[in-house]
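Under mature numbering (1 follows the signal peptide of the UniProt record, and there is no 0), read the sequence shown as residues -24 to -1, 1 to 610, first letter to last. Positions of the beta carbon are idealized from the N, C-alpha and C atoms, including for glycine. All of these numbers come straight from a predicted model, not from anything done at the bench. What follows is a set of notes on a single structure, which appears directly below.
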Amino acid sequence: MDCCHLVLSVAIVVVVLLVPRAGGYPWPLCGDSGSNFSARSKYLANINLTGATLPSNASSSPELFATAAGVGSVPDQVSALALCRGDANASLCLTCLTQAFRALPNACAYSKDATVFYESCQLSYSNASIFPVVVSGKIEKYMFGSYTNVTKEPARFNRVVAALVNATANYAAYNSTRRYASGEADFNQEYPKVYSWAQCTPDLTPARCRGCLTQIIADSIGLFESRIWAGTLAVRCSFRYNTLPFLNGSMKVQLLGPPARSGSPAPAPAPAATPTASTVTAAGEKKKKTTAGLYIGLPSSIVVLFILLVLAFVRFKRRTKAIEIEHPLRKITRAQCTIFDLPTLQEATENFSKNKKLGEGGFGTVYKVRILSASRGDNTCYEYIKNGSLDNFLFDTRSRNALNWKQQYNIILGIAKGIVYLHEDSALRIIHRDLKANNILLDENMDPKIADFGLARLLGEDHTQTRTARVVGTLGYMPPEYLAGGRVSTKIDIFSFGVLVLEIVTRRSNCSYDDHDSVNLLTDVWNCWTKGTVSQMIDQSLDEYSQSQAQRCIQIGLLCVQPDPGNRPHISSVIFMLSRENMDLQQPSQPAFYFGREATSSSPSCGQRSYVYDRSGLPGISVNGVTLTEIYPR
């Protein structure tokens, strides 16, 4: 591979590409009715009342299924449906549904018509009187699939998947009173097996179950061509397939994959001839010659093979030795790409020369180096982002007008998708803890990338929060529960994201060094919001649609900076809010760090570190753990 340029931080600055979400539970399916409820409404109380009994009713039933109809009184009446996957046990079913009841209101932004899918269960509730058992018309569904495709025999793979999925659907509809089936089929050496699952709610008739499965399979199977795993989830029926096992128990359906296509069929064997005396004699002579050849040729072949092995071993040792004495930077492998000793760093940066210095952040200095790679494979290079960091475009008076609204909105959505990856799609849950405009880099297409993971905290997949004795971060972006008690959760990043959204829309910093007439951005935005004058904080040159979109972003930003972390939405809910403009949003309440007064000329700025937080209620917080970054570029 040719030499490549990269940016190397002594503090190890990591850049995460913002990629579309590939998968990961829970998966919400939110209704489009536009009907929402508030956090203190009777509707939520009826949901909680339903949640007290429905999980246990479903987990204790033979079908792992239960419904609740008409809980409460109109217009706050709740109907709910709970179903666990057919291979789950009662304990797993109860745990899964209990978790779903807690997560669903936030997952669907307090929508009255909502469904959430987990690995082992699904939960739906609605303000309709009862869920219809007649499946007709367009089915609302959640489709998901892998970005990895089968490259060897893809057409045959598609035939195997289609046959297996339909056979599994038939079994679920017609051979199981629980309307559940699992299946497997043979494929090839790379992917020996393909596994499938199909299930309907048990209250559907066989014909309606098969009709529901037929529709969602027909709607989506063409989109899944060659993907190694995919599926479609709906309230009344779902299916899924994977090249890796994901179900418990024995498979109900077992298929042999269709044979690989070949050329013309092999000719039938000719009838055996009756041996004669001459043929027997010739065969005997041939056998003697063959035996003699084996005695001579076999030892010779062994000698030649041994010589070749010795030569190959000598060549390998010489090559290994040559590689070992090469430049130390040439020895970087994928497993070592972020581990450097001091002499290597000194040589790569010309002893930390000022000529190689690109800038400084809160946690280290960034240098530009050159790596000559001896590897023929792919090398991981952390790139230098051409357009620098987002704060240049928001707060620098020379370039603050370079971004149009479409780019601003795409940056907001891109950052949200990046947080989804960190919080939900990564193998380990990653909490960034220092999301701010300085740490959002923009490539040549103005697409955002989250950078600077010097403060990132990793959580196991079963953990959602922890505590730390040392509070670190950037003033203006840290939520109160983190400052006061060191509580670390994904809601830290949600708060920081909310501040970022408000900064992007208003093009004002929450920590301004030169605006002495401002209290803080959260206070100013909330004052305008309560007065109905928030449009004054938005670019007046925008058209009516863009202004409406910008005001919606401000509302989402205010929801993300609520003082109670439980009232902040999950990042997946934020994606739905940003993507579905016809969805009614919950009204925000007073944000954290609201000072309840208008801006005055005597109000100190964030740069003086005397106003941002009321530190009298935050004992034991170390100011030394907080940083502010000024240096440009990233």
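Worksheet item: Given that a residue counts as buried once 16 or more other Cβ atoms are within 10 Å of its Cβ, and exposed if not, what is residue 16?
Response: Here residue 16 is taken as the residue at index 40 of the sequence shown, counted from 1. Label assigned to residue 16: exposed.
Item to complete: State yes or no: is the C-beta of residue 381 within less than 8 Å of the C-beta of residue 522?
Response: On the sequence shown, position 405 is the one that residue 381 refers to. On the sequence shown, position 546 is the one that residue 522 refers to. Cβ distance < 8 Å, so residue 381 and residue 522 count as in contact.
Item to complete: Give every residue of the same chain whose Cβ lies closer than 6 Å to the Cβ of residue 371, excluding the five residues on either side of it in the sequence, and list them in chain order.
Response: Locating residue 371 in the sequence shown gives position 395, counting from the first residue. 485.
Discussion item. Applying the 10 Å Cβ sphere with the 16-neighbour rule, what's the burial state of residue 67?
Written reply: Sequence index remark: in the sequence shown, residue 67 carries index 91 (1-based). Exposed.
Discussion item. Residues in the same chain with beta-carbon distance under 8 Å from residue 512, minus the five sequence neighbours each way, listed in chain order, please.
Written reply: On the sequence shown, position 536 is the one that residue 512 refers to. 504.
Worksheet item: From residue 117 to residue 331, what does the alpha carbon distance come to, in whole angstroms?
Response: Counting from one through the sequence shown, the residue named residue 117 turns up at place 141. Counting from one through the sequence shown, the residue named residue 331 turns up at place 355. Roughly 56 Å between the two C-alpha positions.
Fill in: Distance CB(residue 401)-CB(residue 362) smaller than 8 Å
The residue you call residue 401 lines up with position 425 of the sequence shown. The residue you call residue 362 lines up with position 386 of the sequence shown. In this structure, residue 362 does not lie closer than 8 Å to residue 401 by Cβ.
Worksheet item: Helix, strand or coil: how does DSSP classify residue 378 here?
Response: The count along the sequence shown starts at 1 and reaches residue 378 at position 402. DSSP, read as helix, strand or coil, puts residue 378 in coil.
Item to complete: Could you check the C-alpha separation between residue 290 and residue 323 for me, to the nearest Å?
Response: Taking the sequence shown and counting its residues from 1, one reaches residue 290 at position 314. Taking the sequence shown and counting its residues from 1, one reaches residue 323 at position 347. When rounded, the distance between both Cα atoms is 33 Å.
Fill in: Residue from 421, 226, 417 and 73 whose Cα sits closest to the Cα of residue 97
Counting from 1 along the sequence shown, the entry for residue 97 is found at position 121. Answer by Cα proximity: 73.
Worksheet item: Taking C-alpha atoms, which residue in 44, 35 and 65 lies nearest to residue 53?
Response: Here residue 53 corresponds to residue number 77 of the sequence shown, with the count starting at 1. If we check each option's Cα against that of residue 53, 44 comes out closest.
Worksheet entry | residue 188 versus residue 115 - alpha carbon distance | One-based indexing of the sequence shown puts residue 188 at position 212. One-based indexing of the sequence shown puts residue 115 at position 139. Residue 188 and residue 115: Cα-Cα distance of roughly 8 Å.
Worksheet item: Okay, do the segment 154 to 173 and the segment 199 to 216 touch, 3+ Cβ pairs below 8 Å being the bar?
Response: yes
Worksheet entry | Residue closest to residue 200, alpha-carbon to alpha-carbon, out of 178, 442, 141 and 35 | Numbered from 1 along the sequence shown, position 224 holds the residue referred to as residue 200. Considering only alpha carbons, the answer is 141.
Worksheet item: Can you list the beta strand (DSSP E) stretches of 3 or more residues lying completely in the segment 427 to 486, in chain order?
Response: 433 to 435, 441 to 443 and 463 to 465
Practice prompt. Using only alpha-carbon positions, find the residue among 75, 321, 282 and 133 that is nearest to residue 167.
Written response: On the sequence shown, position 191 is the one that residue 167 refers to. Of the listed residues, the one whose Cα sits closest to residue 167 is 133.
Item to complete: Output the distance between the C-alpha atoms of residue 358 and residue 286, rounded to the nearest integer angstrom.
Response: Translated into the one-based positions of the sequence shown, residue 358 becomes position 382. Translated into the one-based positions of the sequence shown, residue 286 becomes position 310. Note that residue 358 has pLDDT 47, beneath the 50 cutoff, so the model's placement of it is unreliable and the number below is only indicative. The straight-line gap from Cα to Cα measures roughly 41 Å.
Worksheet item: With burial defined as no fewer than 16 other Cβ atoms inside 10 Å of the residue's Cβ, what is the status of residue 538: buried or exposed?
Response: Sequence index remark: in the sequence shown, residue 538 carries index 562 (1-based). Buried is the call here.
Worksheet item: Quick one, are the C-beta atoms of residue 60 and residue 40 less than 8 Å apart?
Response: Within the sequence shown, the letter at position 84 stands for residue 60. Within the sequence shown, the letter at position 64 stands for residue 40. The answer is yes: Cβ separation under 8 Å.
Item to complete: Note down the Cα distance separating residue 383 from residue 526, rounded to an integer number of angstroms.
Response: As a first step, residue 383 is located in the sequence shown; it is residue number 407 there, counting from the start. As a first step, residue 526 is located in the sequence shown; it is residue number 550 there, counting from the start. About 12 Å.
Worksheet item: So, helix, strand or coil for residue 35, using DSSP?
Response: Start at 1 with the first residue of the sequence shown, and residue 35 comes out as number 59. Note: residue 35 maps to helix in three-state DSSP.
Worksheet entry | Validate contact between the segment 401 to 412 and the segment 467 to 482 using beta carbons, cut 8 Å, 3 pairs | yes
Fill in: First through last residue of the beta strand (DSSP E) which encompasses residue 187
Taking the first residue of the sequence shown as 1, we reach residue 187 at position 211. Where residue 187 is concerned, there is no enclosing beta strand (DSSP E), although the alpha helix (DSSP H) it sits in stretches over 182 to 196.
Worksheet item: According to the Cβ coordinates, are residue 398 and residue 406 closer than 8 Å?
Response: On the sequence shown, position 422 is the one that residue 398 refers to. On the sequence shown, position 430 is the one that residue 406 refers to. Their beta carbons are under 8 Å apart, which means residue 398 touches residue 406 by this criterion.
Practice prompt. Could you tell me how far apart the beta carbons of residue 481 and residue 530 are, in whole angstroms, since I believe they sit closer than 8 Å?
Written response: For the purposes of this step, residue 481 is identified with residue 505 of the sequence shown, where counting begins at 1. For the purposes of this step, residue 530 is identified with residue 554 of the sequence shown, where counting begins at 1. Going by Cβ atoms, the distance from residue 481 to residue 530 rounds to 6 Å, so yes, they are a contact pair.
Item to complete: Using the Cα positions of residue 434 and residue 442, report the straight-line distance between them to the nearest angstrom.
Response: Here residue 434 is taken as the residue at index 458 of the sequence shown, counted from 1. Here residue 442 is taken as the residue at index 466 of the sequence shown, counted from 1. Using only the alpha carbons, I get a separation of about 10 Å.
Worksheet item: Just how far apart, CA to CA, sit residue 517 and residue 483?
Response: Counting from one through the sequence shown, the residue named residue 517 turns up at place 541. Counting from one through the sequence shown, the residue named residue 483 turns up at place 507. If you draw a straight line from the Cα of residue 517 to the Cα of residue 483, it is about 14 Å long.
Worksheet item: From residue 454 to residue 534, what distance separates their C-alpha atoms?
Response: Along the sequence shown, one-based indexing puts residue 454 at 478. Along the sequence shown, one-based indexing puts residue 534 at 558. Each residue's Cα considered, the two are about 14 Å apart.
Fill in: Whole-Å CB distance - residue 157 paired with residue 88, under 8 Å assumed
Here the question's residue 157 lines up with position 181 in the sequence shown. Here the question's residue 88 lines up with position 112 in the sequence shown. Residue 157 to residue 88, Cβ: 33 Å. No contact.
Worksheet item: Do residue 83 and residue 4 have their C-beta atoms within less than 8 Å of each other?
Response: Within the sequence shown, residue 83 is the residue found at index 107, counting from 1. Within the sequence shown, residue 4 is the residue found at index 28, counting from 1. A contact, by the Cβ cut-off of 8 Å.
Fill in: Terminal residues of the beta strand (DSSP E) in which residue 121 lies
Locating residue 121 in the sequence shown gives position 145, where the first residue counts as 1. Where residue 121 is concerned, the enclosing beta strand (DSSP E) stretches over 117 to 121.
Discussion item. Taking 7 Å as the limit between beta carbons, can you name the residues of its chain near residue 13, skipping five residues before and five after?
Written reply: Residue 13 sits at position 37 when you count from the first residue of the sequence shown. Counting only Cβ-Cβ distances below 7 Å, and skipping sequence neighbours, we find 19, 20, 86 and 88.
Item to complete: For residue 31, I'd like the list of residues in its chain whose CB is within less than 6 Å of its CB, leaving aside the five on either flank, ordered along the chain.
Response: Counted from its first residue, the sequence shown places residue 31 at position 55. The residues are 70, 73 and 74.
Discussion item. Check for me: the beta strand (DSSP E) holding residue 6 runs from which residue to which?
Written reply: Locating residue 6 in the sequence shown gives position 30, where the first residue counts as 1. Per DSSP, the continuous beta strand (DSSP E) segment holding residue 6 begins and ends at 3 to 6.
Discussion item. Based on DSSP bridge pairs, tell me the residues matched to residue 403.
Written reply: On the sequence shown, position 427 is the one that residue 403 refers to. Answer by DSSP bridge pairing: none, since residue 403 is not bridged.
Item to complete: Compare the Cα-Cα distances from residue 542 to each of 528, 25, 476 and 463 and report the closest residue.
Response: The residue given as residue 542 occupies position 566 in the sequence shown. Residue 542 has its Cα closest to that of 463, out of 528, 25, 476 and 463.
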